[in-house]
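For what it's worth, the working numbering labels the leading residue of the sequence shown as 42, then goes sequentially. Glycine is no exception: its CB is placed at the ideal position from the N, C-alpha and C atoms. Notes for the one structure printed next.
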Amino acid sequence: MEQRRLGRSGLRVSRFALGTMTWGRDTDEHEARDQLEAFVEAGGTL
């Protein structure tokens, strides 16, 4: 996954972020874990 610098902080983060607004409401714990694992495996960090 493409990485970008985060302002002047020196941090590099993934270009895409993982939205979690529905976790706990529409997404149960197991689905959320699967989504997070897939995101991290794809190189996501934000």
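| said: Output needed for THR86: all residues of its chain with C-beta closer than 7 Å, excluding positions within five of it in sequence on either side, in chain order. | reply: VAL54 and SER55
| message | Whole angstroms are fine: how far does the CA of ALA83 sit from the CA of GLU72? | response | 17 Å
| Who are the near neighbours of LEU52 in its chain, counting only those whose CB is closer than 8 Å to its CB and skipping five residues on each side? | ARG46.
| Which stretch, first to last residue, makes up the alpha helix (DSSP H) that contains ARG74? | Taken as a continuous stretch (DSSP letters only), the alpha helix (DSSP H) holding ARG74 covers 70-82.
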